[in-house]
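> Structure provided below as structure tokens; questions to follow.
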Amino acid sequence: MAPRFRVRGRSDTALLAAQYVRMSTEYQKYSPENQKLEIAGYAQAHRIEIIRTYEDAGRSGLTLRDRPALCQLLLDVQKQERDFNVLLVYDISRWGRFQEVDESAHYEYLCRCAGVQVIYCKEPFENDCSPASNIIKTLKRAMAGEYSRELSAKVFQGQCRAAGRGFRQGAAPGYGLRRLLVDDMGTEKIPLRNHERKNIQSDHVTIIHGPANEVALIRRVYEWFIEGGISTGRIATRLNDFGLRNAQGLPWRRDSIAQLLTAEKYVGNNVYNRTSVRLNTPRICNPPSEWVRAIGAFRPVVSAEEFNAVQRIRDRRAHRLSNEDLLEGLSALRDRLGRLSAVEIGKDPFLPGQNYYRRRFGSLTRAYKAIGFETNRNYEYLNVVRDARHLQTRLCEVIVTRLTEAGHHVVSSADRSVICVNGELRLRVTARAASATIYRPLHWKISWPTLYPIDLLVIARADRMAKGFLDFFVFPKGSLGPEKLTILTEENRSRLNMFRHLNLKVLLTLAERSPLEAFNACGTIPDNEHPSGPYQDPESEGTQQA
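Rendered as structure tokens:
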């Protein structure tokens with residue numbers, strides 16, 4: 001259908017439009033190049049000039065998350081100064097195959113409300129909001145979502161059949177094991193290294209033994225656990241003391257040792273569908289009745305007798321202990337060692353871990369008091385850490401709210417401490433409570449996080465008891481050395497004043513695509529304006545009680 005309006009300042013032959021393209025791997029006809037060719041043909045036939053392209057290449061159509069082009073499009077259509085009034089889309093499914101059919105309708109509605117006409121170039125109907133077109137669009141949106149559900153079910157059934165035949169379905173092989181590429185008849189081809197994938201659809205992956213030293217270590221772990229009665233925590237400590245590392249090259253932990261002792265792949269079984277993440281829904285743990293298991297699919301690392309012995313020991317240790325049993329075991333440990341600590345509890349093979357005591361009694365300190373054990377350690381800092389986390393959570397919520405109200409698309413982590421703005425600006429928000437020792441006066445520790453790919457680090461400086469914020473520091477990437485600890489005190493604060501702010505209005509400025517070079521000039525605070533007092537709203541100059 002041809003658009004019903006003209007763009008001011010242009011001739012009748014030059015209507016301005018943007019195109020949205022999303023790649024789909026289901027058929028070649030949905031490749032970005034073919035979508036653009038079809039859209040270009042429609043534009044030429046209807047005298048439309050395409051001046052902007054929004055393209056999500058290789059993106060899932062199930063959610064809006066991780067689709068930066070669509071997010072940017074929805075932001076741009078709200079701007080009064082945009083340079084297009086028409087949006088060309090290949091067909092309705094390019095919005096996405098949402099399981100909630102009204103979601104794609106909502107995005108089209110946002111465009112129409114902003115005065116942008118949406119045209120589907122390959123649909124056999126006019127998108128004129130008539131009752132007929134609305135009914136057809138609703139059906140096609142439902143069909144798009146249903147296609148994903150049906151495809152997911154078919155893929156899952158195929159994976160279950162392959163797993164039942166003993167072929168590995170995804171996931172790393174684990175410590176002491178390696179992947180081997182085989183054909184459909186099980187004939188060996190070549191070993192696969194990390195991040196390598198099969199290149200022929202009919203091929204499969206199976207599991208073989210890894211290096212001899214890793215296989216020997218697994219067998220030694222089983223021996224320690226069965227014959228030596230050594231706990232998983234003590235085994236992890238022993239391996240780390242030897243300088244050994246797990247499959248990821250990291251120090252061993254209690255849970256990684258437990259995985260060695262419970263994974264059926266080490267006894268030769270292939271187990272699939274223990275957990276499910278379908279259509280981008282939250283991960284769920286499936287009951288054992290739904291697991292797909294192939295017995296004897298791989299060459300075992302340990303015998304079935306050893307594996308079953310480990311499970312019997314773990315079941316015996318895992319039975320629910322009463323509070324009296326827990327306290328009695330804790331008292332016996334204190335009488336034997338003359339002391340108590342989380343480390344000593346973790347090393348004892350006859351006691352559950354420290355987290356078990358925390359869940360049952362609320363904290364280790366309460367468990368200690370229940371048996372009359374007094375410690376001279378000051379646990380007040382734990383309350384300060386907890387309060388600092390609460391302040392951080394509140395601050396992150398305020399930042400997300402303010403940025404959203406300003407018209408930005410904001411995506412945050414589960415705890416909202418890592419925030420992505422408009423798919424471009426990534427920042428990490430951390431609240432830091434003050435520390436003090438006999439060797440160093442009141443100070444705050446700052447370091448650039450290496451686990452998060454961020455552009456800005458926001459440090460909210462809290463007081464000694466974490467009851468409120470004093471000020472804020474916004475560090476751009478490169479201003480702090482990676483893994484280098486910076487100690488901030490009142491004496492050395494002046495050299496960091498260029499990053500210091502009374503509030504976080506600077507984030508609104510930076511979110512508007514301001515050059516980072518201008519950042520150092522924003523909000524510099526002289527030393528004589530140092531604020532003090534309780535928590536303050538990051539958007540206000542004043543302070544208010546937390």
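Anchor point for the sequence shown: position 121 equals 121 in full-length UniProt numbering, and the numbering is continuous, going up by one each time.
A virtual CB, placed ideally from N, CA and C, is assigned to each residue, including glycine.
Note that the structure is a prediction, hence the values are computed from the model and not measured.
Straight-line CA distance for H408 to L425?
Position 408 of the sequence shown, counted from the start, is the residue given in the question as residue 408. Position 425 of the sequence shown, counted from the start, is the residue given in the question as residue 425. Their Cα atoms are separated by approximately 11 Å.
> Relative to the C-alpha of K36, which candidate in Y90, L181, Q78 has its C-alpha closest?
Here the question's residue 36 lines up with position 36 in the sequence shown. Checking every option, the nearest Cα to that of K36 belongs to Y90.
> What is the residue span of the alpha helix (DSSP H) that Q44 lies within?
Start at 1 with the first residue of the sequence shown, and residue 44 comes out as number 44. 32-45 is the extent of the alpha helix (DSSP H) around Q44.
> Hey, how far is the Cα of G115 from the Cα of C121?
Counting from one through the sequence shown, the residue named residue 115 turns up at place 115. Counting from one through the sequence shown, the residue named residue 121 turns up at place 121. G115 and C121: Cα-Cα distance of roughly 19 Å.
> State the start and end residues of the unbroken beta strand (DSSP E) segment that holds S331.
On the sequence shown, position 331 is the one that residue 331 refers to. No beta strand (DSSP E) holds S331; the alpha helix (DSSP H) holding it covers 323-337.
> Starting from E49, trace the beta strand (DSSP E) in both directions and tell me its first and last residue.
Here residue 49 refers to the residue found at position 49 when the sequence shown is read from its first residue. First-last of the beta strand (DSSP E) with E49: 48-56.
> In this structure, how does DSSP classify L15 when only helix, strand and coil are distinguished?
Reading the sequence shown from its first residue, position 15 is the one you call residue 15. Note: L15 maps to strand in three-state DSSP.
> So, using beta-carbon positions, are W252 and R274 closer together than 8 Å?
Against the sequence shown, residue 252 aligns to sequence position 252. Against the sequence shown, residue 274 aligns to sequence position 274. No, Cβ-Cβ distance for W252 and R274 is not below 8 Å.
> One question on the structure: do C71 and N492 come within less than 8 Å of each other, judged by their Cβ atoms?
Here residue 71 refers to the residue found at position 71 when the sequence shown is read from its first residue. Here residue 492 refers to the residue found at position 492 when the sequence shown is read from its first residue. No, the pair does not count as a contact, with Cβ atoms beyond the cut-off.
> With DSSP as the reference, please indicate the residues paired to T486 in a beta bridge.
To locate residue 486, count along the sequence shown from 1; it is residue 486. I446.
> Run the CB neighbour count on T489, radius 10 Å, all protein chains shown included, and call it buried at 16 or more, exposed below.
The residue you call residue 489 lines up with position 489 of the sequence shown. Counting Cβ neighbours within 10 Å, T489 comes out exposed, since fewer than 16 surround it.
> Give the DSSP bridge partners of H408, in chain order.
By one-based count along the sequence shown, residue 408 stands at place 408. Beta-bridge pairing links H408 to no other residue.
> What did DSSP end up calling Y368 once you bin it into helix, strand or coil?
For the purposes of this step, residue 368 is taken as the residue at position 368 of the sequence shown. Helix, per DSSP.
> When burial is assigned at 16 or more other CB atoms within 10 Å of the CB, is T232 buried or exposed?
Numbered from 1 along the sequence shown, position 232 holds the residue referred to as residue 232. By the 10 Å Cβ count, T232 comes out buried.
> Under the DSSP definition of a beta bridge, which residues are partnered with L351?
In the sequence shown, the residue the question calls residue 351 occupies position 351. Paired residues: none, contrary to the question.
> Of all the beta strand (DSSP E) runs that stay within the bounds of the segment 166-252, which reach a length of 3 or more residues?
Within the segment 166-252, the complete beta strand (DSSP E) runs of at least 3 residues are 177-182, 188-192, 204-209.
> Checking 8 Å against the spacing of the C-beta atoms, do V458 and L427 come in under that value?
As a working note, residue 458 is residue 458 in the sequence shown. As a working note, residue 427 is residue 427 in the sequence shown. Yes. Within cutoff.
> Is A367 closer than 8 Å to A247 when the C-beta atoms are compared?
In the sequence shown, residue 247 corresponds to position 247, counting from 1. In the sequence shown, residue 367 corresponds to position 367, counting from 1. No. Outside cutoff.
> Per DSSP, E471 is paired with what?
Position 471 of the sequence shown holds residue 471. Before going on, a small fix: residue 471 reads as Asp here, not Glu. D471 pairs with R461.
> With a Cβ-Cβ cutoff of 8 Å, do R464 and A434 count as a contact?
Counted from its first residue, the sequence shown places residue 464 at position 464. Counted from its first residue, the sequence shown places residue 434 at position 434. Yes; because the gap between Cβ atoms is below 8 Å, this pair is in contact.
> Can you check which of these residues, I226, F475, V221, Y356, is closest to R500 by C-alpha distance?
As a working mapping, residue 500 is identified with position 500 in the sequence shown. When only C-alpha atoms are compared, the closest one is F475.
> Would you report the Cα separation of E108 and V118, rounded to the nearest angstrom?
For this step, residue 108 is matched to residue 108 along the sequence shown. For this step, residue 118 is matched to residue 118 along the sequence shown. Rounded to whole angstroms, E108 to V118 spans 7 Å at the Cα level.
> Cα-Cα, which of R65, N127, N286 is closest to L88?
The residue you call residue 88 lines up with position 88 of the sequence shown. Comparing Cα positions, the closest option is N127.
> Measure the C-alpha to C-alpha separation of P526 and F473 and round it to an integer number of angstroms.
Residue 526 sits at position 526 when you count from the first residue of the sequence shown. Residue 473 sits at position 473 when you count from the first residue of the sequence shown. Caution is warranted here: a pLDDT of 34 is assigned to P526, below 50, making its placement in the model unreliable, and the coordinate value is therefore given only provisionally. Using only the alpha carbons, I get a separation of about 14 Å.
> Can you tell me which of the three DSSP states residue 547 falls into?
Missing from the structure shown is residue 547; the chain here goes from 1 to 546 and no further.
> Checking 8 Å against the spacing of the C-beta atoms, do R299 and N269 come in under that value?
By 1-based counting over the sequence shown, the position of residue 299 is 299. By 1-based counting over the sequence shown, the position of residue 269 is 269. Taking 8 Å as the Cβ cut-off, R299 and N269 do not qualify as a contacting pair.
> In the structure shown, what three-state DSSP assignment does P476 receive?
Taking the first residue of the sequence shown as 1, we reach residue 476 at position 476. Correct three-state label for P476: strand.
> Buried or exposed, going by whether 16 or more other CB atoms sit within 10 Å of the CB of S322?
Walking along the sequence shown from the start, residue 322 turns up at place 322. Counting Cβ neighbours within 10 Å, S322 comes out exposed, since fewer than 16 surround it.
> Which residue's Cα is closest to the Cα of T450: A466, K484, L442?
Locating residue 450 in the sequence shown gives position 450, where the first residue counts as 1. Answer by Cα proximity: K484.
> Just to confirm the assignment, what range does the beta strand (DSSP E) spanning L64 have?
Looking up residue 64 in the sequence shown gives position 64. No beta strand (DSSP E) holds L64; DSSP gives it neither H nor E.
> Let me make sure I understand the geometry here. Which of N503, G353, A263 has the alpha-carbon closest to that of L177?
On the sequence shown, position 177 is the one that residue 177 refers to. Of the listed residues, the one whose Cα sits closest to L177 is A263.
> Ignore the nearest five residues each way along the sequence and tell me which others in G353's own chain have a CB closer than 6 Å to its CB.
Here residue 353 corresponds to residue number 353 of the sequence shown, with the count starting at 1. G346, listed in sequence order.
> Quick check on the burial criterion: 16 or more other C-beta atoms within 10 angstroms. Buried or exposed for L502?
Translated into the one-based positions of the sequence shown, residue 502 becomes position 502. By the neighbour-count rule (16 or more Cβ atoms within 10 Å), L502 is buried.
> Quick one: what does DSSP say A144 is sitting in, helix, strand or coil?
As a first step, residue 144 must be located in the sequence shown, where it is residue number 144. Correct three-state label for A144: helix.
> In this structure, does DSSP put Y109 in helix, strand or coil?
Taking the first residue of the sequence shown as 1, we reach residue 109 at position 109. It is helical.
> Does the separation of the CB atoms of A309 and I226 fall below 8 Å?
Position 309 of the sequence shown, counted from the first residue, corresponds to residue 309. Position 226 of the sequence shown, counted from the first residue, corresponds to residue 226. Yes, these two residues count as a Cβ contact at 8 Å.
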